[in-house]
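Participant:
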Amino acid sequence: MKVIRSTQTHRAVALAATAAVLSLSLVSSASAATPPVGPSTASFYAPAASKIKGGKHGDVIWYRTAQAALSLTNASRVMNVVYKSQDLKGKNIPVSGTVWIPKGTAPTGGWPVISWGHGTTGSADICAPSRIANTVSGSYTSYVFPQINAWLAAGYAVTMSDYEGLGTPGVHHWLIGHSEGRGIIDIVTAAKKLDTHVGTKWIAAGHSQGGQSVLFAAADAAKWAPSLQLKGVAAYAPANHMKTTVIFATAAIKTPNGLSGLGALLLRTATFADPTLKLVDIMNPAAYALAGQLETKCLGTDGLSSPSSFGQFVPGDLMKTWTGSTWTSPKVLKGLNALDSPAINPSPKNNPNLVYTGPKLIMQGSIDSTVPAFTTQALRDEISTADGASTLTYHEYAGIDHGGVVAAGEADAIAWFAARFAK
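Under this note's numbering, the first residue of the sequence shown carries the number -2, and numbering increases by one thereafter.
1. For the putative contact between D271 and A335, defined by C-beta atoms under 8 Å, what is the C-beta separation to the nearest angstrom?
2. When you compare only the Cα positions, how much space is there between T273 and E292?
3. Go through its chain and collect everything with a Cβ distance to V141's Cβ below 6 Å, but skip five positions before and after it.
4. Between which residues of its own chain and N71 is the CB-CB distance below 7 Å, once the five residues before and five after are set aside?
5. By Cβ distance, which residues of its chain are closer than 6 Å to Y42, with the 5 residues on each side in sequence left out?
6. For A219 and F418, what's the separation of their Cα atoms in angstroms?
7. For a quick check, are the C-beta atoms of G207 and G119 less than 8 Å apart?
8. Compute every distance between the C-beta of T117 and the non-hydrogen atoms of the ligand FMN, then say whether any falls below 7 Å.
9. My output table needs one value for G196: the three-state DSSP class, helix, strand or coil.
10. Give me the Cβ distance between S176 and D299, rounded to the nearest whole Å; I'm assuming they're in contact under 8 Å.
11. Tell me, please, which residues DSSP counts as bridged to V92.
12. May I ask which residues mark the beginning and end of the alpha helix (DSSP H) holding V277?
13. CA-CA distance, A214 and A284?
14. With distances taken from CA atoms, which of K294, N77 and I182 is nearest D122?
15. Please work out which residues of its chain come closer than 6 Å, Cβ to Cβ, to P109, disregarding the five sequence neighbours upstream and downstream, and give them in chain order.
16. According to the neighbour-count rule (16 or more other Cβ atoms, all chains shown, within 10 Å of its Cβ), is V243 buried or exposed?
17. For A424, which residues in the same chain have their Cβ closer than 7 Å to its Cβ, ignoring the five residues on either side in sequence?
18. If you check the beta carbons only, do I49 and N89 fall under 8 Å apart?
19. Between A370, T156 and P223, which lies nearest to A236 when the distance is taken from Cα to Cα?
20. Within its chain, find whatever has a CB closer than 8 Å to the CB of A415; leave out the 5 residues flanking it on each side and keep chain order.
21. In this structure, how does DSSP classify T266 when only helix, strand and coil are distinguished?
22. So Y353 is in the beta strand (DSSP E); what residue range does that whole segment cover?
23. Opposite A231 in the DSSP bridges: which residues?
24. Apart from the five residues just before and just after H426, which ones in its own chain have a Cβ nearer than 8 Å to its Cβ?
25. Look at the alpha carbon of T156 and the alpha carbon of W113, and state the distance between them as a whole number of angstroms.
26. S20: buried (16+ other C-beta within 10 angstroms of its C-beta) or exposed?
27. According to the neighbour-count rule (16 or more other Cβ atoms, all chains shown, within 10 Å of its Cβ), is V96 buried or exposed?
28. Does S439 come out as helix, strand or coil in the three-state DSSP assignment?
29. Do T247 and G180 have their CB atoms nearer than 8 Å?
30. In the DSSP assignment, the beta strand (DSSP E) including I111 goes from what residue to what residue?
31. Taking only the alpha-carbon atoms, compute the straight-line gap between K275 and L264 and give it to the nearest angstrom.
32. Can you tell which of A66, H170, D278 and R377 has the C-alpha that lies nearest to the C-alpha of L333?
Okay, structure coming up:
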């Protein structure tokens, strides 16, 4: 039977089809819309629970234009961002950070990304790198700005996570690698949602605490964010073999020292790695009386490392039962073992969950007293054994200390980045 439609019927069908197309267009536009702008006050870092639940890790909660202290000459836009991540129990959490977008026209496929893992600033919320008020007070963040500016000039977007609990509510799980790694990965996804010109190719790069965290991020990336293309991981003086480092420092330093600020953070981290431990059980009572400062002061000569804080202690005396050459408390010894646990040590040795077979770059200063060269050399060898020596490039810079390795390695790093992104 032949059906003949009237003119009115044809018009109705056409109108319905047009409405459907418009509806789909509106839905598509809404899904691609720029995320909301967040408040200019400190409440930016504490979104309501209703904004955190649901969605996916890497979703943007909100953003805002960053303060002048984070501005770099080669950036077209600099943004503070709060995005969704997950803690290690699978609970949605807000994490803050910074996103820099380069100037110019993005290449085909979008701007490649360097996700920077920052070095230790402290564990108090005021120590979050995205919160710095100026480059002097924020020197534990801003020392890397010349390198970030060079990466922007080379055509890379740059992201920097503050990590879980640093800036945002909750405890900062300093050196708990998989926690930090999630923040580093998820901010790349967030950057793509902030700017559609950001691509999927990325490199995880970081220094000290951040060097350790990017090694964890690289191991986790394929499963955590399969839509992204990790092209390599670059670790500058990565924290590693912390039990060995603590024993080395206590043997070498016999007078009060600013490294005790880091030591205090390490003792608390031992309790994160081994929840059967309590800080009061392993920390010297005189030092434990200052434990509240871990949530109020940043690292530095006027903070946790100062003589009015943990810097007043000989490193060995931070822990109970120091004899001048060792400790006798079983709980202290248990805490030391926790520092080399799979939760903290980025070595793939005895850590089956920490294998990344892609390209790796490790850079180390020869006179580093914070992350000694001999521990990083051991890490290099362990990674080569586990992942294949052909994937690893190692540079050691003579006469360079812990803080100087980022600048010392700039030429090697930027050449390595270009080669990785060209693949």
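The C-beta atom is built at its ideal place from N, Cα and C for all residues, glycine as well.
Facilitator: Looking at the atomic coordinates:
1. Looking up residue 271 in the sequence shown gives position 274. Looking up residue 335 in the sequence shown gives position 338. Rounded, the Cβ-Cβ distance is 4 Å, consistent with contact.
2. As a position in the sequence shown, residue 273 is number 276, starting the count at 1. As a position in the sequence shown, residue 292 is number 295, starting the count at 1. The alpha-carbon of T273 is positioned some 21 Å away from that of E292.
3. The residue labelled residue 141 in the question sits at position 144 within the sequence shown. Contacts found: V403.
4. Taking the first residue of the sequence shown as 1, we reach residue 71 at position 74. Same-chain partners within the cutoff: P99, K100, N146, L149 and A150.
5. Within the sequence shown, numbered from 1, the residue matching residue 42 stands at position 45. Counting only Cβ-Cβ distances below 6 Å, and skipping sequence neighbours, we find S93, G164 and T165.
6. If you number the sequence shown from 1, residue 219 lands on position 222. If you number the sequence shown from 1, residue 418 lands on position 421. Roughly 17 Å separates the two Cα atoms.
7. Residue mapping note: residue 207 aligns to position 210 of the sequence shown, counting from 1. Residue mapping note: residue 119 aligns to position 122 of the sequence shown, counting from 1. No. Outside cutoff.
8. Among the components modelled here there is no ligand, and therefore nothing to report on the ligand FMN.
9. What you label residue 196 is simply residue 199 of the sequence shown in a count that begins at 1. In the three-state DSSP reduction, G196 falls in the strand class (E or B).
10. Within the sequence shown, numbered from 1, the residue matching residue 176 stands at position 179. Within the sequence shown, numbered from 1, the residue matching residue 299 stands at position 302. Taking a contact as a CB-CB distance under 8 Å, the pair S176 and D299 does not count as one, their CB atoms being some 28 Å apart.
11. Indexing the sequence shown from 1 puts residue 92 at position 95. According to DSSP, V92 bridges with Y80.
12. Taking the sequence shown and counting its residues from 1, the one referred to as residue 277 is at position 280. Unbroken alpha helix (DSSP H) run through V277: L276 to I279.
13. The count along the sequence shown starts at 1 and reaches residue 214 at position 217. The count along the sequence shown starts at 1 and reaches residue 284 at position 287. CA-CA distance, A214 to A284, rounds to 33 Å.
14. Along the sequence shown, one-based indexing puts residue 122 at 125. From the listed residues K294, N77 and I182, the smallest Cα separation to D122 is found for K294.
15. Translated into positions along the sequence shown, residue 109 becomes position 112. Answer for P109: Y153, G196, K198 and F418, listed in chain order.
16. What you label residue 243 is simply residue 246 of the sequence shown in a count that begins at 1. By the neighbour-count rule (16 or more Cβ atoms within 10 Å), V243 is buried.
17. With the chain covering only -2 through 420, there is no way to say anything about residue 424.
18. Numbered from its first residue, the sequence shown carries residue 49 at position 52. Numbered from its first residue, the sequence shown carries residue 89 at position 92. With contacts defined as CB atoms closer than 8 Å, I49 and N89 qualify as a contacting pair.
19. Residue mapping note: residue 236 aligns to position 239 of the sequence shown, counting from 1. Out of A370, T156 and P223, A370 has the C-alpha closest to the C-alpha of A236.
20. Looking up residue 415 in the sequence shown gives position 418. For A415, the CB contacts under 8 Å within the same chain, skipping 5 residues up- and downstream, are A151 in chain order.
21. For this step, residue 266 is matched to residue 269 along the sequence shown. Helix at T266.
22. The residue given as residue 353 occupies position 356 in the sequence shown. According to the DSSP assignment, Y353 belongs to no beta strand (DSSP E), since it is labelled neither H nor E.
23. Translated into the one-based positions of the sequence shown, residue 231 becomes position 234. DSSP output for A231 lists A202 and L358 as bridge partner(s).
24. One cannot answer for residue 426 here, as it falls past the ends of the chain, which runs -2 to 420.
25. Numbered from 1 along the sequence shown, position 159 holds the residue referred to as residue 156. Numbered from 1 along the sequence shown, position 116 holds the residue referred to as residue 113. One C-alpha to the other measures close to 6 Å.
26. Numbered from its first residue, the sequence shown carries residue 20 at position 23. Any answer about S20 is weak, because its pLDDT of 38 lies below 50 and its placement is not dependable; what the coordinates show is given next. So S20 counts as exposed.
27. As a working mapping, residue 96 is identified with position 99 in the sequence shown. Classified as buried, V96 has 16 or more neighbouring CB atoms from the shown chains inside 10 Å of its CB.
28. Summary: the structure shown does not reach residue 439, with the chain confined to residues -2 through 420, and so no result is reported for it.
29. One-based indexing of the sequence shown puts residue 247 at position 250. One-based indexing of the sequence shown puts residue 180 at position 183. Cβ atoms of T247 and G180: not closer than 8 Å.
30. Numbered from 1 along the sequence shown, position 114 holds the residue referred to as residue 111. From DSSP, the beta strand (DSSP E) with I111 extends over W108 to G114.
31. The residue you call residue 275 lines up with position 278 of the sequence shown. The residue you call residue 264 lines up with position 267 of the sequence shown. Taking C-alpha positions only, K275 is separated from L264 by approximately 9 Å.
32. Counted from its first residue, the sequence shown places residue 333 at position 336. If we check each option's Cα against that of L333, D278 comes out closest.
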